[in-house]
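Residue numbers (our numbering): 562 to 1305. All C-beta atoms, glycine included, are put in the ideal place defined by N, C-alpha and C. A quick note: this is a predicted structure, and the numbers were derived from the prediction, not measured. The structure under discussion appears below in the form of structure tokens.
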Ligand SMILES: [Zn+2]
Ligand SMILES: [Zn+2]
């Protein structure tokens, strides 16, 4: 009888892979065994020639939804006598472990069906899960992933759940968080002072009453507390904005079901499949019906961040409410999400009118992932729930990279895989810094890794740099300081598994340049040996330094002073006294760093076109400009000439002013600006003479800019690389740092 030995690598642990193999072997009448091992999953099968031949093929085709097979090595081995029925063997612990940390998975169709079935013992049970779905990383205390090492340790399995857990033929075989109404977590509803008002189904009713009244509900979700309000109610959404201190940054909206979502947004079947899949991200989708949600949800934004219920609790809540709900992280500004019940009451007591919680502890914050579809593929802008911390294959080992300051992440490079943490938010608060350190320590402990070197940004004042310096001192390890835009481009090479050289266009708001200026409009040649700065935007001053990131009028002033020698039309946004002070400061170089930043150029142009002058969130002006430009497609381009590696914004500013004088429509001008940058991308590429161009940095979150640059470059024969599963913004910087440090 033929016998095969198979070695499966990829995402094959904690995703229902072994029970799947068990069932498949049973169906085919094969003997043998399956076992979790240090290198993934090992399988041996023996049986009829036909069944043995079919096995690898059926294995590839029928994978559980969250599994990802990166490699399946198959070899024939000699037949073994006396082989009994197919078995699942205990995990093999020997050798050099190479475990992967499982990611949290959205509610699966089977569990959803049980949730809705009055005859099922888990009917309406908000914490149902199986090997295909449920919490993982968010409840994980240590590896290997077993119930005693999760926050389910305190819940004793009832006899029925214990049977399911132990039955290899059951969907809940070794589903670590398995639970039912008899033995699992329970819902509770509390008022903002923490007084318990209801439990179980009654708690859900209280929460729904509150939402129907237009009040703010704090919900203990999968990876942290979230704030929910009726998305159709303008006063409710405004109330949330006021209390959260969030002026007009868009909110994401959770729809009760795919049909409701597709009525509000343009979502093709492939997009809906993503939204309903195990990762269930928030996707930025073009709106179809602008009236589906209140204007205050995403003011002036033609897109909507839309998603579907991804836990049983969300599903019950949305079904009960019957309409879309704003669903946003439970935090103030950019602090980490609250995960602990008392912490949530303390921090959100004045924001929420009621708390729908439960007694299953969350061990680490996990935001919802956010992505967008570009050229038919998913591009993540925020990588967290569902994706983090799944590993990326990458040569090298022994590097811990601490990332940037905003949209922080940590990357651990260990045994040929890069493990990038979830999005950790900004590091401006003590809570943010503590989370960064804890996440780094967790990854080291989970993967039993001892780094040989650390990596951080060149910026001396990033909290991540200071942590890296402290750790390097404490552990006696070398520290590699990686230039910010170099890291951005390296992250793209890491993701695509390429050595370079590439031309990397890293365009963003601001990064520390080794020459004392602020970088952000960079053309870098990058390979394993390092980077060379081939070109950049000609720098202009930013009066007020960091303040310019939130006040586009300052960038406009700096640009005009640099190109015209006078404030020109930028003056209108300032009081005369203020203008005089800032102009003098810029002239003398006092608190007015010079920046080659495309992000600040976006701000300057938006301010001059009257789109956004004063305070807002970073990137808001650029977004306004992009949305305008979408209505001005194909209206030409302003000049942005490249000479000796420097792009001169002077002619662009002159064209802008001429268009303004002629009273050209804003969408046309906004488009001409985008087209100018696409032309610049092509000019950089022609100058560099490298066949491949990586487009990255926060500016490339702009869908139109990315599409125009790609179009121009591909038409001219260049290969274009884009970040996909790792964000183009600073969320990808730690990955790039790890790549640079391991080649250092
Ligand atoms: Zn399930
Ligand atoms: Zn039970």
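Exposure of residue i, with buried meaning 16 or more beta-carbon neighbours within 10 Å
i: residue 903; result: exposed
i: residue 715; result: exposed
i: residue 1002; result: exposed
i: residue 770; result: exposed
i: residue 1151; result: exposed
i: residue 671; result: exposed
i: residue 1075; result: exposed
i: residue 1287; result: buried
i: residue 571; result: buried
i: residue 1291; result: buried
i: residue 1116; result: buried
i: residue 841; result: buried
i: residue 697; result: buried
i: residue 618; result: exposed
Cβ-heavy atom distance, residue i to ligand 2, below 8 angstroms
i: residue 519; result: Nothing about residue 519 can be reported from this structure: the residues present for the chain run from 562 to 1305 only.
i: residue 911; result: no
i: residue 721; result: yes
i: residue 743; result: yes
i: residue 740; result: yes
i: residue 718; result: yes
C-beta atoms of residue i and residue j nearer than 9 angstroms
i: residue 1123; j: residue 1099; result: yes
i: residue 1240; j: residue 1194; result: no
i: residue 606; j: residue 593; result: yes
i: residue 1038; j: residue 1015; result: yes
i: residue 1298; j: residue 945; result: no
i: residue 961; j: residue 970; result: no
i: residue 963; j: residue 888; result: no
i: residue 784; j: residue 712; result: no
i: residue 1101; j: residue 1210; result: yes
i: residue 1069; j: residue 1046; result: yes
Residue i to residue j span [Cα, whole Å]
i: residue 616; j: residue 567; result: 10 angstroms
i: residue 1104; j: residue 1147; result: 6 angstroms
i: residue 565; j: residue 952; result: 28 angstroms
i: residue 691; j: residue 940; result: 28 angstroms
i: residue 1221; j: residue 1164; result: 17 angstroms
i: residue 685; j: residue 918; result: 16 angstroms
i: residue 1026; j: residue 965; result: 8 angstroms
i: residue 755; j: residue 910; result: 9 angstroms
i: residue 718; j: residue 678; result: 22 angstroms
i: residue 1269; j: residue 1188; result: 14 angstroms
i: residue 1135; j: residue 1175; result: 10 angstroms
i: residue 1023; j: residue 1230; result: 36 angstroms
i: residue 657; j: residue 1158; result: Summary for residue 657: the model assigns pLDDT 46, below 50, so the residue's position carries little reliability; its value from the coordinates is reported in the next sentence. Cα to Cα, residue 657 sits roughly 45 angstroms from residue 1158.
i: residue 1035; j: residue 993; result: 21 angstroms
i: residue 906; j: residue 781; result: 11 angstroms
i: residue 640; j: residue 669; result: 38 angstroms
i: residue 741; j: residue 623; result: 28 angstroms
i: residue 1041; j: residue 584; result: 49 angstroms
i: residue 608; j: residue 735; result: 26 angstroms
i: residue 1161; j: residue 1127; result: 18 angstroms
Closer than 8 angstroms: residue i CB and nearest ligand 1 heavy atom
i: residue 756; result: no
i: residue 877; result: no
i: residue 624; result: no
i: residue 669; result: yes
i: residue 691; result: yes
i: residue 695; result: yes
i: residue 732; result: yes
i: residue 1121; result: no
i: residue 672; result: yes
Chain D within 9 angstroms of residue i, Cβ atoms only
i: residue 1038; result: As a matter of chain content, chain D is missing from the structure shown, which is built from one protein chain.
Distance cut-off 8 angstroms: residue i Cβ against heavy atoms of ligand 3
i: residue 727; result: Ligands present in the displayed structure are limited to ligand 1 and ligand 2, and ligand 3 is not among them.
Problem - Touch test, the segment 1258-1275 against the segment 917-931, Cβ-Cβ under 8 angstroms, three pairs minimum - result: Fewer than three Cβ pairs drawn from the segment 1258-1275 and the segment 917-931 lie within less than 8 angstroms of each other, which leaves the two stretches out of contact.
Exercise for the section: Flag this pair as touching only if the segment 934-949 and the segment 789-802 have three or more C-beta atom pairs under 8 angstroms; answer yes or no. Expected result: At 8 angstroms Cβ cutoff, the stretches do not touch.
Exercise for the section: Kindly confirm or deny that the segment 572-579 and the segment 613-631 touch, where touching means at least three C-beta pairs closer than 8 angstroms. Expected result: Contact annotation: the segment 572-579 touches the segment 613-631, with at least three C-beta pairs closer than 8 angstroms.
Problem - contact_flag[the segment 866-879, the segment 812-829] where n(CB pairs < 8 angstroms) is 3 or more - result: A contact exists between the segment 866-879 and the segment 812-829.
Problem - Cβ contact (3+ pairs, closer than 8 angstroms) linking the segment 635-652 and the segment 818-836 - result: Not touching, per the Cβ criterion.
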